[in-house]
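Chains as they are written, first to last, in this note's numbering: chain C, 39 to 257; chain X, 12 to 293. Built from N, CA and C at the ideal position, the CB exists for glycine as well. Only a predicted model underlies this, so the values are computations on that prediction, with no experimental measurement involved.
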Amino acid sequence: MNWEFIEKYLPMYREAAVLTVVIGSIGIAFAILIGLICAMVLYHKVPVAKHIVNGYVELSRNTPLLAQLFFLYYGFPKIGINLNAELCGVAGLAFLGGSYMSEAFRSGLEAVDKIQEESALSLGMTKYQVMKYVVLPEAISISIPAFIANIIFLLKETSVFSAISLMDLMFTAKDLIGLYYKTTESLFLLVIFYLLIILPVSVIGSLVERRLRYAGFGN
Amino acid sequence: MKKLLAILLTGILAVGITACGNSAETASAKSEGYRTLDEIKESGTINIGVFSDKNPFGYVDENGTYQGYDVYFAERIGEDLGVEVNFVSTEAANRIEYLQTGKVDIILANFTVTDERKEEVDFALPYMNVALGVVSREDNEITSLDNWNKDDSIIVISGTTAETYLIENYPDIPLQKFDSYATAKEAFENGTSVAWENDNTEVIAFSLQNEGYTVGIPSLGSNDTIAPAVTKGNATLLDWINNEIEGLAAEKFFHADYEATLTDTYGSDYEESLVVEGGKTN
Numbered sequence: 039m040n041w042e043f044i045e046k047y048l049p050m051y052r053e054a055a056v057l058t059v060v061i062g063s064i065g066i067a068f069a070i071l072i073g074l075i076c077a078m079v080l081y082h083k084v085p086v087a088k089h090i091v092n093g094y095v096e097l098s099r100n101t102p103l104l105a106q107l108f109f110l111y112y113g114f115p116k117i118g119i120n121l122n123a124e125l126c127g128v129a130g131l132a133f134l135g136g137s138y139m140s141e142a143f144r145s146g147l148e149a150v151d152k153i154q155e156e157s158a159l160s161l162g163m164t165k166y167q168v169m170k171y172v173v174l175p176e177a178i179s180i181s182i183p184a185f186i187a188n189i190i191f192l193l194k195e196t197s198v199f200s201a202i203s204l205m206d207l208m209f210t211a212k213d214l215i216g217l218y219y220k221t222t223e224s225l226f227l228l229v230i231f232y233l234l235i236i237l238p239v240s241v242i243g244s245l246v247e248r249r250l251r252y253a254g255f256g257n
Numbered sequence: 012m013k014k015l016l017a018i019l020l021t022g023i024l025a026v027g028i029t030a031c032g033n034s035a036e037t038a039s040a041k042s043e044g045y046r047t048l049d050e051i052k053e054s055g056t057i058n059i060g061v062f063s064d065k066n067p068f069g070y071v072d073e074n075g076t077y078q079g080y081d082v083y084f085a086e087r088i089g090e091d092l093g094v095e096v097n098f099v100s101t102e103a104a105n106r107i108e109y110l111q112t113g114k115v116d117i118i119l120a121n122f123t124v125t126d127e128r129k130e131e132v133d134f135a136l137p138y139m140n141v142a143l144g145v146v147s148r149e150d151n152e153i154t155s156l157d158n159w160n161k162d163d164s165i166i167v168i169s170g171t172t173a174e175t176y177l178i179e180n181y182p183d184i185p186l187q188k189f190d191s192y193a194t195a196k197e198a199f200e201n202g203t204s205v206a207w208e209n210d211n212t213e214v215i216a217f218s219l220q221n222e223g224y225t226v227g228i229p230s231l232g233s234n235d236t237i238a239p240a241v242t243k244g245n246a247t248l249l250d251w252i253n254n255e256i257e258g259l260a261a262e263k264f265f266h267a268d269y270e271a272t273l274t275d276t277y278g279s280d281y282e283e284s285l286v287v288e289g290g291k292t293n
């Protein structure tokens with residue numbers, strides 16, 4: 039293990055980690071937003087829109103992120119839409135993550151007992167209030183584990199960004215191996231940095247999960 | 012929280028120890044990571060790493076067969092060794108890795124000889140000349156890398172001499188890095204960057220094959236050579252390749268190779284400057 043090499047290229051990894059985290063978080067934020075909207079559409083069985091959402095979910099969940107990124111980055115310019123690599127990364131993550139998040143929220147919404155909604159309605163709450171104060175909080179609490187798993191999954195998916203020339207952690211490691219042939223050191227740093235990014239998410243995730251497990255009767 | 016921290020630290024430590032262990036073992040692993048000439052002959056197949064997307068040097072044609080200047084030579088090696096050739100598709104950045112981990116016996120992927128690479132692998136005699144070149148659009152021709160506009164980037168392929176050259180000599184020029192020839196070309200055509208720097212053979216081929224492009228800088232950096240590479244220490248295979256290259260000079264093999272694979276792209280203008288016969292450069 040060549041520690042000088044590690045010291046010298048640590049800043050490069052730090053830069054790559056920032057890029058991974060920034061693009062990852064923005065992409066995931068959009069994915070959550072898309073997921074919420076899609077889940078609402080599916081839950082309320084909005085005519086027409088629900089078919090569009092269903093189509094989107096199937097398309098996005100059954101194609102790899104790599105293929106989606108290639109489409110965005112190399113395909114879209116052919117029809118006159120030029121997105122830079124960062125934007126493609128965010129859009130790709132949002133597109134892929136949106137469907138996973140939607141499914142997580144939808145299963146949460148469907149798991150909330152009908153009696154909860156009916157009771158709230160009989161108490162004189164409006165439909166909007168029922169959704170906001172009763173159904174949604176319970177649904178979110180139920181879907182937290184799936185939700186955290188999706189965030190971790192999406193963060194790991196950023197490793198295919200190298201295909202669209204984004205200098206993320208994976209590409210930085212590959213690049214350094216190609217340039218200086220220090221395989222062990224480059225891969226060591228790669229693993230450490232992924233752990234540094236993803237372990238906290240998973241630790242915080244399980245804490246949040248424990249705190250929020252109050253949905254349903256009797257808890 | 013303490014417990015979590017402990018788990019975290021143990022994890023990192025474990026990775027560290029494993030990684031350290033690996034580097035200590037690499038020396039011994041490396042010497043066993045290759046197959047000798049006899050072992051290759053015995054097995055009946057030789058694994059040769061070539062490009063699958065670098066037309067006209069190593070690429071896969073529409074029928075799914077490997078073609079190109081490097082491939083032509085690889086097939087001759089297989090023929091003269093009396094073994095089948097198993098082509099292994101490589102990317103620029105993993106050529107050395109493939110040799111060191113024994114995934115291939117020979118790299119014939121347009122591999123430029125450099126001092127740094129010589130420390131990692133053993134190069135045989137050269138079979139081609141090369142320098143770097145820069146291709147740009149005709150309406151925005153780049154003829155010099157000095158006074159670079161910081162908003163523009165140059166496309167390079169990760170792990171190539173082109174990348175090393177720019178990092179060492181023009182560290183301020185923003186690089187747009189790609190991991191394969193196919194994606195780099197696609198992005199360049201889409202207008203991602205103003206220029207693409209690569210082996211001059213490659214950029215000349217690109218400008219000849221695509222309308223609207225011109226090679227504003229035809230020769231950059233030092234004049235280098237391209238040679239087959241084997242795993243460090245694989246002397247029996249190295250000697251055999253060197254004898255082969257010297258022996259092939261009598262029949263002007265690499266001229267025939269050029270005529271069969273490169274004339275369509277370059278015409279005959281570059282034949283004398285590109286081909287190295289018998290491993291002898293002038």
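| Check | Outcome |
| --- | --- |
| Beta-carbon proximity list for I64(C), same chain, < 6 angstroms, skipping 5 on both sides | V128 |
| Below-8 angstroms beta-carbon distance, F217(X) vs any chain C residue | no |
| Element boundaries [alpha helix (DSSP H), containing A135(X)] | Where A135(X) is concerned, there is no enclosing alpha helix (DSSP H), given that its DSSP letter is neither H nor E. |
| Beta-ladder partner(s) of G113(X), from DSSP | None; G113(X) has no bridge partner. |
| Residues of the region 188-209 of chain X whose Cβ lies closer than 9 angstroms to any Cβ of chain C, in chain order | K188, F189, D190, S191, T194, A195, E197, A198, E200, N201, G202 and T203 |
| Beta bridge counterpart(s) of L186(X) as assigned by DSSP | I165(X) |
| Run of the alpha helix (DSSP H) containing V141(X), from where it starts to where it stops | Run containing V141(X): none in the alpha helix (DSSP H); it sits in the beta strand (DSSP E), M139 to R148. |
| Residues of its chain near A69(C), where Cβ-Cβ distance is below 7 angstroms and the 5 sequence neighbours each way are ignored | L131, A132, G135, G136, M139 and L192 |
| Where the beta strand (DSSP E) containing Y70(X) begins and where it ends | G69 to V71 |
| Per-residue contacts from A103(X) into chain C (C-beta, under 9 angstroms) | G216 |
| Top-ranked residue by Cα proximity to Y83(X), from V241(X), I165(X) and Y138(X) | Y138(X) |
| Extent of the continuous beta strand (DSSP E) run through W207(X) | A206 to D210 |
| Chain X within 8 angstroms of K212(C), Cβ atoms only | yes |
| Other residues of its chain near E95(X): CB distance less than 7 angstroms, five sequence neighbours each side excluded | G55, T56 and G89 |
| D268(X), DSSP secondary structure in three states | helix |
| Partners in chain C for I107(X), counting only beta-carbon separations shorter than 7 angstroms | Y219 |
| Contacting positions in the region 169-186 of chain X - beta carbon closer than 7 angstroms to chain C | S169, G170, E174 and T175 |
| Against chain X: residues of the region 175-201 of chain C by CB proximity under 8 angstroms | S200 and A201 |
| The region 193-206 of chain X touching the region 125-142 of chain X, judged by at least three CB pairs closer than 8 angstroms | no |
| DSSP beta-bridge partners of E95(X) | T56(X) |
| Residues near A206(X) by beta carbon distance below 6 angstroms, same chain, minus five either side | V145, S147, I153 and I165 |
| Pairwise C-alpha distance: H89(C) and D213(C) | 43 angstroms |
| Contacting residues, own chain, Cβ-Cβ under 6 angstroms from A123(C) (five flanking each side not counted) | I202, S203 and L204 |
| Cα-Cα separation between R52(C) and K194(C), rounded to whole angstroms | 17 angstroms |
| Endpoints, the alpha helix (DSSP H) within which I341(C) is located | Nothing can be reported for residue 341(C), as the shown portion of chain C is limited to 39 through 257. |
| First through last residue of the beta strand (DSSP E) which encompasses D235(X) | Y224 to I237 |
| Within chain X, partners of S203(C) - CB distance below 7 angstroms | Q187, K188, F189 and A198 |
| Boundaries (first-last residue) of the beta strand (DSSP E) holding T242(X) | A240 to T242 |
| For V172(C), the three-state DSSP class (helix, strand or coil) | helix |
| Which of helix, strand or coil DSSP assigns to V128(C) | helix |
| Beta-carbon separation (whole angstroms), V95(C) vs E141(C), contact threshold 8 angstroms | 7 angstroms |
| Short CB-CB distance (under 8 angstroms) between A55(C) and chain X | no |
| Rounded straight-line distance, which links the Cα of P49(C) to that of E102(X) | 26 angstroms |
| Under 7 angstroms by beta carbon: chain X residues contacting Y81(C) | In chain order: nothing, as chain X lies at least about 36 angstroms away. |
| Residues that T123(X) bridges to, as DSSP identifies them | I237(X) |
| Simplified DSSP assignment, three categories, for Y112(C) | helix |
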